[in-house]
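Student: Heads up: the sequence shown begins at 1 in full-length UniProt numbering, then just goes up one per residue.
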Amino acid sequence: MSDKTSESTVEETLCGIGFFKPKWLQVFASKKAYVIVYGILGFNQLMLSSYFNGTLTTMEKRFKFSSQMSGIISSFWDLFSLLSFLITSYFAGKGHRTRWLAIGFMFIGLSCFIRLLPHIIYGPGKEALQYTVEYSNNVNSALLLSNMTKQNDNLCDAVPAVDDCRNEHGWNMAAVLLCATNAILGMGFSLYWTCGAAYLDDNVRNNVMPMLLAIVHCIRMLGPLFGYMLAAYTLTKFIEPSLTPTITNEDPRWVGAWWMGWCKICTLKIRWTPIGISCLAFSTTMLLFPRTLPRAAARKKEKSEKITKPISTDFVTSIKRILTNRILLFGSASNSFFVLGLIGYWTFMPKYMETQFRQTAAKSNFASGAIGILSSGLGVITSGMIISKFKPPPRSLALWNFVSQSLEVIGHLLYISLGCTMDNLHGQWNSDRTWNLTMDCNADCNCGQSMRYNPICSFDRSTTFYSPCYAGCAQESTVTGGVKTYSNCTCIGGLGTANEGTCPIDCTRDFIIFLVVMGMMRFLSSSGRAGSTIIHFRCVRPEDKSLSLGFAEVVLALVAFLPGPVMYGTIVDTTCLVWGRKCGTNGNCWLYDGNRLKYYLNITSACFLTVGTLLDIGVWYNVKDLKIYDDDGDGGGGGIGHNVDEKPLPVDTNSNTDMVKFNSSSGNVKL
Numbered sequence: 001m002s003d004k005t006s007e008s009t010v011e012e013t014l015c016g017i018g019f020f021k022p023k024w025l026q027v028f029a030s031k032k033a034y035v036i037v038y039g040i041l042g043f044n045q046l047m048l049s050s051y052f053n054g055t056l057t058t059m060e061k062r063f064k065f066s067s068q069m070s071g072i073i074s075s076f077w078d079l080f081s082l083l084s085f086l087i088t089s090y091f092a093g094k095g096h097r098t099r100w101l102a103i104g105f106m107f108i109g110l111s112c113f114i115r116l117l118p119h120i121i122y123g124p125g126k127e128a129l130q131y132t133v134e135y136s137n138n139v140n141s142a143l144l145l146s147n148m149t150k151q152n153d154n155l156c157d158a159v160p161a162v163d164d165c166r167n168e169h170g171w172n173m174a175a176v177l178l179c180a181t182n183a184i185l186g187m188g189f190s191l192y193w194t195c196g197a198a199y200l201d202d203n204v205r206n207n208v209m210p211m212l213l214a215i216v217h218c219i220r221m222l223g224p225l226f227g228y229m230l231a232a233y234t235l236t237k238f239i240e241p242s243l244t245p246t247i248t249n250e251d252p253r254w255v256g257a258w259w260m261g262w263c264k265i266c267t268l269k270i271r272w273t274p275i276g277i278s279c280l281a282f283s284t285t286m287l288l289f290p291r292t293l294p295r296a297a298a299r300k301k302e303k304s305e306k307i308t309k310p311i312s313t314d315f316v317t318s319i320k321r322i323l324t325n326r327i328l329l330f331g332s333a334s335n336s337f338f339v340l341g342l343i344g345y346w347t348f349m350p351k352y353m354e355t356q357f358r359q360t361a362a363k364s365n366f367a368s369g370a371i372g373i374l375s376s377g378l379g380v381i382t383s384g385m386i387i388s389k390f391k392p393p394p395r396s397l398a399l400w401n402f403v404s405q406s407l408e409v410i411g412h413l414l415y416i417s418l419g420c421t422m423d424n425l426h427g428q429w430n431s432d433r434t435w436n437l438t439m440d441c442n443a444d445c446n447c448g449q450s451m452r453y454n455p456i457c458s459f460d461r462s463t464t465f466y467s468p469c470y471a472g473c474a475q476e477s478t479v480t481g482g483v484k485t486y487s488n489c490t491c492i493g494g495l496g497t498a499n500e501g502t503c504p505i506d507c508t509r510d511f512i513i514f515l516v517v518m519g520m521m522r523f524l525s526s527s528g529r530a531g532s533t534i535i536h537f538r539c540v541r542p543e544d545k546s547l548s549l550g551f552a553e554v555v556l557a558l559v560a561f562l563p564g565p566v567m568y569g570t571i572v573d574t575t576c577l578v579w580g581r582k583c584g585t586n587g588n589c590w591l592y593d594g595n596r597l598k599y600y601l602n603i604t605s606a607c608f609l610t611v612g613t614l615l616d617i618g619v620w621y622n623v624k625d626l627k628i629y630d631d632d633g634d635g636g637g638g639g640i641g642h643n644v645d646e647k648p649l650p651v652d653t654n655s656n657t658d659m660v661k662f663n664s665s666s667g668n669v670k671l
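What follows is the structure, given as structure tokens:
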């Protein structure tokens, strides 16, 4: 019987699947190989979510979403993560964790292919096509322009424009498809933490935990960097690359190729999905890892001889232990409010930069990736190295969490003082704090609410108008270089002329200051996450680790990820000045009140961050007797979170990864 048990143990430490377990593959049955593959899976997931967040404002523009709808789409990720967390954290946690993790990432790879469907089905959209040379020349295209006719150019006209409301409900199905992709992604993502993190924690020593955590974070942090950079690149390309646009990517009407990151057109016109294929490839690699790494199995066998009390695997008993674990409860609550305070930025950071600092979508994504993500990665790596070298006590780790989170609150209050002055947009306030574009000078122009956004700037560069019609312009001409000019504008004094585009505003100084402050805040806040993750893993019994991760993620989803995107999307929508309208319904917002946006967003974030900071005091108070290093004696089973009648259990060779979800879904990324 012992021979069979020994043989079974050996089988569980071999790389491969089924009969495919060659000797040459066994060299990869190590923590180094696992950390690399696990980190790359995280890299793919974060690249996916950050790319989605980076292109979100463009998708709003293309499919006429409100920010609230964007928040609902993002919340589908977290809703389905929540539905699968408790099941996967318990049952998958007691099964073959790496195989469950691999299956999860196959779902994530599948979601990449589904994300292409809105563009494949609905194309670039008629409004975007109006800003092309082919449309201006009324050239028929077999693929895109077959049934289109040239429309008026929004000049002042006594005849009111009539909306074409045929087939105007396609954006609803696009929203359904995007919700479906996030639902699939959420189911796959839940396994990344409940299985992947616990597997790593069970297979490495406590003392190497911080350094491995830093390595995993370092690899994963490249994901948002590449995701935002990819978004910055694709959004400089016109949504339909085969056509020649008449506007530049600096124009607010520009619609970039948001779909290109999911689908690349090769020379043979074969479409493929790089992010999806990468997820599928590395999930297959993860499928080959053993149930237990060989060295960890040897250490586990040695330590099991010292355990005299059997470990309970009863689900109800595990739940009771978790619900009476004060460190876990305070830590999960603190982390949830911390994420709730930042999720508005993760989801709408590109929109915030576009509105506050007059940056293009491409530049906003470049800044989010280059500054925000690199600062966060540097913070995690630095803290991991410091913890590995100096081994600070748990109270010091908890205290630094409190300090870094307090500085995050101050940073958000500083953001309020940064931003450009409001656009001098022609019009006046309505009683509901929306902007009325109709004045006496354009009242007879019949400029309908559904008129497309086509901004022009008065000749003296002092006033921006929503469109030539709202400026009362009766004539249009094109000068050298293709720039349109308008004349006989009744709302413009003097020469009565205007040029195409918004009036320029220089926000360089405030934008640079914002990036510096944001980089510092990201560095400080991320430096505290490593310590909180270590405390999380050490405050629970070994057999409760997967379930504790599931519990923490459920709390995170309920407090932050489910309500957060919708709440912040609603806040953003309340600051909208001018809605794009079609057939009597609101579409996307074209212009925001920058002052209200920065006050509403930053004060709301600061309030939630303050709650999280206060909850960190509870963590600090309760970790005084927690043992988190190998040379402390009992490793991870010895925290005060256990019931008082239970003696600490020795921990199997442990390490950890962070429990904080990025994604933001991101993305934004979620740090």
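In this text, a Cβ means the ideal position worked out from N, Cα and C, and glycines have one as well.
Over what stretch of residues does the beta strand (DSSP E) that includes Cys457 continue unbroken?
Tutor: Cys457 -> beta strand (DSSP E) spans Ile456 to Ser458.
Student: DSSP three-state label for Gly54, please.
Tutor: The answer is helix: DSSP assigns Gly54 an H, G or I state.
Student: Is it right to say Val516 is buried, meaning 16 or more other beta carbons lie within 10 angstroms of its own, or is it exposed?
Tutor: The residue in question, Val516, is exposed, as its Cβ has fewer than 16 Cβ neighbours within 10 Å.
Student: Less than 8 Å between the CB atoms is what I'm expecting for Phe226 and Gln45, so what's the real figure, rounded?
Tutor: Contact doesn't hold; Cβ gap of about 12 Å is too wide.
Student: By DSSP, does Ala333 sit in helix, in strand, or in coil?
Tutor: Here Ala333 sits in helix by DSSP.
Student: Which ranges does the beta strand (DSSP E) cover as unbroken runs of at least 3 residues, wholly within the stretch 575-607, from first to last along the chain?
Tutor: Here the runs fully enclosed are 576-582 and 585-592.
Student: What are the start and end residues of the alpha helix (DSSP H) that includes Ala362?
Tutor: Looking at the DSSP string, the run of the alpha helix (DSSP H) that includes Ala362 is Ala361 to Ala367.
Student: Indicate the three-state DSSP secondary structure (helix, strand or coil) for Ile17 in the structure shown.
Tutor: If DSSP states are grouped into helix, strand and coil, Ile17 belongs with the strands.
Student: Report yes if the C-beta distance between Ser67 and Phe348 is below 8 Å; otherwise report no.
Tutor: Yes, the Cβ-Cβ distance between Ser67 and Phe348 is below 8 Å.
Student: Which residues share a DSSP beta bridge with Gly256?
Tutor: Per DSSP, Phe238.
Student: Do you know how far the Cα of Ala257 is from the Cα of Pro241?
Tutor: Roughly 8 Å separates the two Cα atoms.
Student: Can you give, in chain order, each stretch of the alpha helix (DSSP H) that sits fully within the stretch 510-570 and has at least 4 residues?
Tutor: Runs of the alpha helix (DSSP H) inside the stretch 510-570: 545-556.
Student: Can you find at least 3 beta carbon pairs, one from the stretch 493-502 and one from the stretch 453-461, that sit closer than 8 Å?
Tutor: Result yes; three or more Cβ-Cβ pairs closer than 8 Å.
Student: Looking only at its chain, what residues have a beta carbon closer than 6 Å to the beta carbon of Cys589, apart from the 5 residues adjacent to it on each side?
Tutor: Result list for Cys589: Cys576 and Trp579, in chain order.
Student: Should Trp429 be labelled buried (16 or more other beta-carbon atoms within 10 Å of its own) or exposed?
Tutor: Exposed.
Student: Does the separation of the CB atoms of Leu200 and Tyr34 fall below 8 Å?
Tutor: Yes, the Cβ-Cβ distance between Leu200 and Tyr34 is below 8 Å.
Student: Buried or exposed for Trp100, please, with buried defined as at least 16 other CB atoms from any protein chain shown within 10 angstroms of its CB.
Tutor: Trp100 comes out buried.
Student: Consult DSSP for Val139 and reduce its assignment to one of helix, strand or coil.
Tutor: Unreliable placement is indicated for Val139, whose pLDDT of 45 sits below 50; the coordinate value is still reported in the next sentence. In this structure, Val139 counts as coil in the three-state DSSP scheme.
Student: Determine contact between the stretch 47-59 and the stretch 337-352, defined as no fewer than three beta-carbon pairs at a distance below 8 Å.
Tutor: Yes, they touch.
Student: Name the two residues that bound the continuous alpha helix (DSSP H) containing Asn203.
Tutor: Taken as a continuous stretch (DSSP letters only), the alpha helix (DSSP H) holding Asn203 covers Ala198 to Asn203.
Student: Could you name the residues of the same chain whose beta carbon sits closer than 6 Å to that of Lys320, not counting the 5 residues immediately before and after it, in chain order?
Tutor: Excluding positions up to five away in sequence, the list is empty.
Student: Can you tell me whether DSSP reads Ala498 as helix, strand or coil?
Tutor: Three-state result, Ala498: strand.
Student: Please list, in chain order, all residues of the same chain as Ile513 whose beta carbon is under 7 Å from its beta carbon, the five residues on each side excluded.
Tutor: For Ile513, where only same-chain residues beyond five positions count, the Cβ hits under 7 Å are Leu418.
Student: Taking 8 Å as the threshold (C-beta atoms), are Pro290 and Ala29 in contact?
Tutor: In contact: Ala29 and Pro290 (Cβ atoms closer than 8 Å).
Student: Using 8 Å for Cβ pairs, my map puts Asn442 next to Cys491. What's the rounded Cβ distance?
Tutor: The Cβ separation is near 6 Å, so the contact holds.
Student: Where DSSP assigns a beta bridge to Leu425, which residues make up the other side?
Tutor: Its beta-bridge partners are Thr464.
Student: What is the residue span of the alpha helix (DSSP H) that Gln26 lies within?
Tutor: Where Gln26 is concerned, there is no enclosing alpha helix (DSSP H), given that its DSSP letter is neither H nor E.
Student: Looking only at DSSP bridge pairs, what is Pro245 linked to?
Tutor: DSSP output for Pro245 lists Thr132 as bridge partner(s).
Student: Three or more C-beta pairs under 8 Å: does that hold for the stretch 173-189 against the stretch 109-123?
Tutor: Touching, yes, given that three or more Cβ pairs across the two stretches are closer than 8 Å.
Student: Could you name the residues that DSSP lists as bridge partners for Ser477?
Tutor: DSSP lists Thr485 as partners of Ser477.
Student: Using the Cβ count rule (16 or more neighbours within 10 Å means buried), how would you classify Phe65?
Tutor: The residue is buried, with at least 16 neighbouring Cβ atoms inside 10 Å.
Student: Give the range of the alpha helix (DSSP H) segment to which Asn401 is assigned.
Tutor: Counting along the chain, the alpha helix (DSSP H) containing Asn401 begins and ends at Pro394 to Tyr415.
Student: By how many angstroms is the C-alpha of Ser406 removed from the C-alpha of residue 672?
Tutor: Nothing about residue 672 can be read from this structure; the chain reaches only from 1 to 671.
Student: In or out: Ile327 buried (at least 16 other Cβ within 10 Å) or exposed?
Tutor: Per the 10 Å Cβ criterion, buried.
Student: With 16 as the cutoff for other CB atoms within 10 Å, does Ala400 come out buried or exposed?
Tutor: Note on residue identity: the sequence assigns Trp, not Ala, to residue 400. Looking at its Cβ environment, which holds 16 or more other Cβ atoms inside 10 Å, Trp400 is buried.
Student: May I ask you to list the residues that DSSP assigns as paired with residue 708?
Tutor: As shown, the chain starts at 1 and ends at 671. That puts residue 708 outside it, with no answer to give.
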